[in-house]
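Protein chains in written order, with this note's numbering: chain A, 476 to 798; chain B, 437 to 660.
Glycine is no exception: its CB is placed at the ideal position from the N, C-alpha and C atoms.
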């Protein structure tokens with residue numbers, strides 16, 4: 476079979492759109508299911524609060540769904556836009572789909588966790604329901620950051636012109652950029668969700684500490700996003716560093732490998748930082764006197780965890796510059 | 437859709453080099469600075485024990501943000517860095533939600549603005565560290581836990597600037613892209629105002645706060 480380039484681009488856009496929405500649906504569904512499970516438990520504990528809990532559940536699920544909606548937006552753009560008939564576009568549209576699909580997994584699954592623990596918390600402290608809901612909203616919204624980074628990368632990929640650059644190593648740089656951001660978002664999204672979940676739990680146990688708990692949560696969530704930001708940095712370098720044309724396949728694989736290295740290397744740190752931050756936030760709510768010490772230990776622990784992400788960043792940069 | 441990612445640039449050729457100015461970013465930053473100066477002037481013009489509405493708002497910001505600085509640093513340090521914290525937060529708050537007004541654009545949507553603030557925070561934090569610990573104590577920290585860790589410690593410090601500025605840029609840019617694309621898909625019916633509220637006010641405030649908090653934490657890590 477002999478296809479024109481236009482057909483190849485079209486095929487790749489369809490496949491990319493399918494991948495974006497297919498992968499993007501995983502996380503949000505798991506997260507919303509988790510929220511609904513906790514809501515059921517909460518209602519069976521406090522049946523008279525069912526209206527309040529149902530409201531919280533619906534709001535939480537709506538926020539948890541936004542990662543999947545980002546994926547939907549990218550998939551629609553891929554399906555309904557016309558792309559120039561350039562052989563590099565085959566790689567561009569596929570990479571945009573992969574970045575958004577993978578990037579929505581973590582945020583979707585993560586932002587369901589605070590919704591669940593908010594429902595449990597309201598059944599435990601009905602009077603504090605407005606504070607718990609506010610904290611949940613802030614926590615879930617910050618959880619979306621990794622998927623927003625994936626969205627930014629997907630749109631930068633789609634709307635940058637790569638036509639003047641040699642096809643041979645550039646296709647791999649583009650694929651690498653999508654994979655770096657997409658994979659790196661998984662861990663950070665889950666980690667941010669763990670932190671927000673524990674903060675809702677903490678506020679439900681000790682309502683007086685809600686202000687300081689929310690602040691510590693924001694700080695901890697910001698640190699969980701660091702690995703994703705390394706992924707974003709590697710993706711930007713891959714996209715905007717022009718590499719000379721090469722006949723050999725080696726430079727291309729080095730660029731692809733650099734994206735994979737950063738993406739896979741960031742999954743663990745994001746998740747791990749989330750564990751450290753979550754416990755710190757939960758216990759700082761109950762032990763207000765020790766907040767300074769807890770914060771210090773949390774930041775030190777997170778610095779330790781994120782060193783493995785820095786090793787990945789180092790290797791990814793080395794791979795880019797020796798390619 | 438076509439104006440996505442386009443920046444109006446003003447290029448001057450001088451001394452054999454090109455100096456590029458991003459017009460929108462600069463003009464919007466100046467407008468925001470002028471607004472903040474006006475706010476400060478009118479809030480503090482008639483100081484009285486029965487405060488006027490503007491004075492109440494100003495006092496609210498100042499007491500909250502000074503309290504934040506006191507929690508992270510100690511009391512003496514907080515007096516020194518409090519004004520920085522206040523102005524950073526207020527400026528970023530206005531920057532992030534400026535896109536709600538038609539025609540206006542968020543200056544933080546341009547990566548140059550967050551990077552400038554990130555570098556500013558980095559320099560201030562390290563200056564504070566050198567001042568409290570002395571140059572010897574400051575340099576010795578890079579050799580911990582072993583001297584082999586020196587390159588990794590340096591990369592870790594530089595990565596802080598990258599992470600703080602890309603976080604702000606990514607969130608604001610992402611919000612702007614979503615609003616643009618959804619407006620395009622729905623022909624600007626119904627949805628975009630809600631999205632503007634969510635990404636402009638809600639996400640914008642959170643990200644301004646996160647940026648300010650992280651700058652304070654970076655200073656406190658260096659000082660202690």
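Would residue i pass as an interface residue toward chain B - the criterion being a Cβ-Cβ separation below 9 angstroms?
i, result
"residue 558 of chain A", "no"
"residue 688 of chain A", "no"
"residue 496 of chain A", "no"
"residue 608 of chain A", "no"
"residue 751 of chain A", "no"
"residue 551 of chain A", "yes"
"residue 713 of chain A", "no"
"residue 701 of chain A", "yes"
"residue 771 of chain A", "yes"
"residue 733 of chain A", "no"
"residue 708 of chain A", "yes"
"residue 630 of chain A", "yes"
"residue 616 of chain A", "yes"
"residue 501 of chain A", "no"
"residue 797 of chain A", "no"
"residue 781 of chain A", "yes"
Any beta carbon of chain A sitting closer than 9 angstroms to that of residue i?
i, result
"residue 615 of chain B", "no"
"residue 606 of chain B", "yes"
"residue 556 of chain B", "no"
"residue 476 of chain B", "no"
"residue 621 of chain B", "yes"
"residue 507 of chain B", "yes"
"residue 633 of chain B", "no"
"residue 513 of chain B", "no"
"residue 609 of chain B", "yes"
"residue 595 of chain B", "yes"
"residue 464 of chain B", "no"
"residue 660 of chain B", "yes"
"residue 599 of chain B", "yes"
Whose C-beta lies closer than 7 angstroms to the C-beta of residue i among residues of the same chain, with five residues either side of it excluded?
i, result
"residue 607 of chain B", "639 and 643"
"residue 487 of chain B", "495"
"residue 592 of chain A", "513, 672, 675 and 676"
"residue 547 of chain A", "496"
"residue 568 of chain B", "659"
"residue 780 of chain A", "744, 747, 748 and 751"
"residue 565 of chain B", "574, 658 and 659"
"residue 662 of chain A", "581, 702, 741, 742, 743, 744, 745 and 746"
Kindly list the residues whose CB is nearer than 6 angstroms to the CB of residue i, restricted to its own chain and excluding five residues on each side of it in sequence; keep chain order.
i, result
"residue 546 of chain B", "458 and 461"
"residue 594 of chain A", "513, 514, 517, 528, 531 and 532"
"residue 709 of chain A", "655, 737 and 791"
"residue 647 of chain A", "727, 730 and 731"
"residue 588 of chain A", "668 and 672"
"residue 501 of chain A", "580"
Name, in chain order, the residues that DSSP records as bridge partners for residue i.
i, result
"residue 447 of chain B", "B/456"
Enumerate in chain order the residues of its own chain whose CB-to-CB distance from residue i is below 8 angstroms, with the five nearest sequence positions on each side excluded.
i, result
"residue 653 of chain B", "508"
"residue 490 of chain B", "475, 478 and 479"
"residue 601 of chain A", "521, 524 and 527"
"residue 508 of chain A", "587"
"residue 641 of chain B", "529, 532 and 533"
Taking 9 angstroms as the CB-CB cut-off, is residue i touching chain E?
i, result
"residue 568 of chain A", "Among the protein chains in the structure shown, which are A and B, there is no chain E."
Should the stretch 445 to 463 of chain B be called in touch with the stretch 736 to 754 of chain A, which here means at least 3 C-beta pairs below 8 angstroms? no
Three CB pairs or more closer than 8 angstroms across the stretch 630 to 641 of chain B and the stretch 641 to 660 of chain A: no
Taking the runs of the beta strand (DSSP E) that are 3 residues or longer, which of them lie wholly in the stretch 633 to 687 of chain A? Within the stretch 633 to 687 of chain A, no complete beta strand (DSSP E) run reaches 3 residues.
Go through the stretch 524 to 591 of chain A residue by residue and report every complete run of the beta strand (DSSP E) that reaches 3 residues or more, in order. none
How do the stretch 783 to 798 of chain A and the stretch 764 to 773 of chain A stand: do at least 3 beta-carbon pairs fall below 8 angstroms, yes or no? no
Taking contact to mean at least 3 C-beta pairs separated by less than 8 angstroms, is the stretch 747 to 763 of chain A in contact with the stretch 723 to 737 of chain A? Using a Cβ-Cβ distance cut-off of 8 angstroms, the stretch 747 to 763 of chain A and the stretch 723 to 737 of chain A are not in contact, since fewer than three pairs of beta carbons, one from each stretch, lie closer than that value.
If you scan the stretch 569 to 608 of chain B from start to end, which runs of the alpha helix (DSSP H) of 4 or more residues do you find wholly inside it? none
Stretch-stretch touch, CB-based, cutoff 8 angstroms, three pairs: the stretch 530 to 543 of chain A with the stretch 595 to 602 of chain B: no
contact_flag[the stretch 468 to 482 of chain B, the stretch 511 to 528 of chain B] where n(CB pairs < 8 angstroms) is 3 or more: yes
Could you give the uninterrupted runs of the alpha helix (DSSP H) lying entirely in the stretch 520 to 569 of chain B, keeping only those of 4 residues or more? DSSP runs (the alpha helix (DSSP H)) wholly in the stretch 520 to 569 of chain B: none.
Do the stretch 626 to 637 of chain A and the stretch 558 to 574 of chain A make contact, defined as three or more Cβ pairs closer than 8 angstroms? yes
Does the count of Cβ pairs from the stretch 556 to 566 of chain A and the stretch 479 to 492 of chain A closer than 8 angstroms reach three? yes
Quick one: which unbroken alpha helix (DSSP H) runs of 4-plus residues sit fully inside the stretch 481 to 511 of chain A? Chain order, please. none
Is the number of C-beta pairs between the stretch 683 to 693 of chain A and the stretch 606 to 620 of chain A that are closer than 8 angstroms three or more? yes
Taking only runs of the alpha helix (DSSP H) that begin and end inside the stretch 600 to 626 of chain A, which ones reach a length of at least 4 residues, in chain order? 604 to 618
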